[in-house]
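Numbering (UniProt numbering), first residue to last: 1 to 253. Positions of the beta carbon are idealized from the N, C-alpha and C atoms, including for glycine. The structure displayed is predicted, hence computed values, not measured ones. Okay, so here's the structure we're looking at.
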């Protein structure tokens with residue numbers, strides 16, 4: 001399935017697109033019972049996905065891998081750190097061109113920290129979704145070397161998906177005699193990324209960063225008030241759950 005088709009499907013299924021589409025269908029059906037039901041369902045889903053309480057409950061079963069301590073990282077027996085691409089800030093006027101976006105910068109920062117703690121070389125995987133821009137791996141390399149003073153050993157610049165990250169990085173690691181790696185990506189993305197790397201035959205130790213779900217055990221009124229950040233977290237959580245479901249399905253295709 002082409003990436004363009006995947007992007008359209010995600011936009012139509014995940015929030016806010018999915019609930020909005022339900023509402024549009026309901027309006028198209030007019031005053032009939034089903035039409036009214038779809039409109040009500042659309043508004044209810046938009047509200048629920050926008051609350052911190054629901055967003056947290058959706059993210060909790062996704063962020064299941066614990067953070068890696070400094071001691072664990074040093075004792076891991078890894079030969080390198082693999083940093084996965086996470087997006088770009090395109091045509092950034094203050095930087096005079098593309099650079100890493102906020103999500104990618106969080107991964108870059110943590111990879112730099114691990115590199116300083118362990119002394120391990122860094123390998124970056126990430127291409128360009130549209131193929132006509134500088135690869136994310138190259139953008140991340142620039143930031144790591146110029147802003148964090150961490151040298152990058154190698155980059156993989158052809159991947160467009162997490163699955164690509166795993167299989168294309170495997171060939172790069174084998175060519176350099178690298179066995180076990182510390183895998184750096186967001187906590188929400190780690191289960192899916194780790195699964196892809198393990199299926200590619202890579203011995204990967206998860207090193208997740210940026211946890212969105214923090215359960216302090218207390219519920220407040222604000223947990224039930226709409227918040228645009230909660231809507232984004234709901235999107236991330238459902239995106240990862242659908243991604244892992246797709247991995248299950250592709251086994252049988």
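Residue 177 carries a coil assignment under DSSP once its states are collapsed to helix, strand and coil. In terms of Cβ geometry, residue 124 and residue 170 do not form a close pair [threshold 8 Å]. Assignment of residue 135 by DSSP, reduced to helix, strand and coil, places it in the coil class.
Residue 62 and residue 26 have their C-alpha atoms spaced approximately 31 Å apart. Pairing residue 73 with residue 114 gives a Cβ-Cβ distance under 8 Å. In this structure residue 226 is not in contact with residue 118, their Cβ atoms being roughly 42 Å apart against a cut-off of 8 Å. Restricting attention to 157, 247, 228, the CA atom closest to the CA of residue 55 is found in 228.
When the Cα atoms are used, residue 167 and residue 158 turn out to be separated by approximately 11 Å. DSSP, read as helix, strand or coil, puts residue 251 in coil. The beta carbon of residue 222 sits closer than 8 Å to those of 52, all from its chain and outside the five residues before and after it, given in chain order. The DSSP assignment places complete beta strand (DSSP E) segments of no fewer than 3 residues inside the stretch 180-212 at 181-186, 204-209, in order along the chain. For residue 66, the closest C-alpha among the options 193, 187, 233, 34 is that of 187. Boundaries cannot be given for residue 95, as no beta strand (DSSP E) includes it and DSSP labels it neither H nor E.
Inclusion of residue 152 and residue 100 in the CB contact set at 8 Å is not warranted, their separation being larger than that value. In this structure, the straight-line span from the alpha carbon of residue 42 to that of residue 134 is close to 39 Å.
A check of alpha carbon separations from residue 141 across 11, 105, 129, 24 identifies 105 as the nearest. Inter-residue distance for residue 213 and residue 241 is about 15 Å (C-alpha atoms, whole angstroms). For residue 108, the uninterrupted alpha helix (DSSP H) segment begins and ends at 102-118. When rounded, the separation of the alpha-carbon atoms in residue 173 and residue 19 is 43 Å. Apart from the 5 residues on each side of it in sequence, residue 45 sits with its Cβ closer than 8 Å to the Cβ of 15, 18, 19, 22 in its chain, given in chain order. Its Cα nearest to that of residue 162, the residue 185 stands out among 185, 10, 11, 180.
The C-beta separation of residue 183 from residue 82 comes to about 5 Å, placing the pair in contact by the 8 Å criterion. Burial is judged here by how many other beta carbons sit within 10 angstroms of a residue's own beta carbon; residue 58 has at least 16 and is buried. Across the structure, residue 193 and residue 91 are spaced so that their CA atoms are roughly 28 Å apart. Looking only at 110, 155, 29, the smallest Cα-Cα distance to residue 211 is reached by 110. Distance from the CA atom of residue 75 to the CA atom of residue 205, rounded to whole angstroms, is 11 Å.
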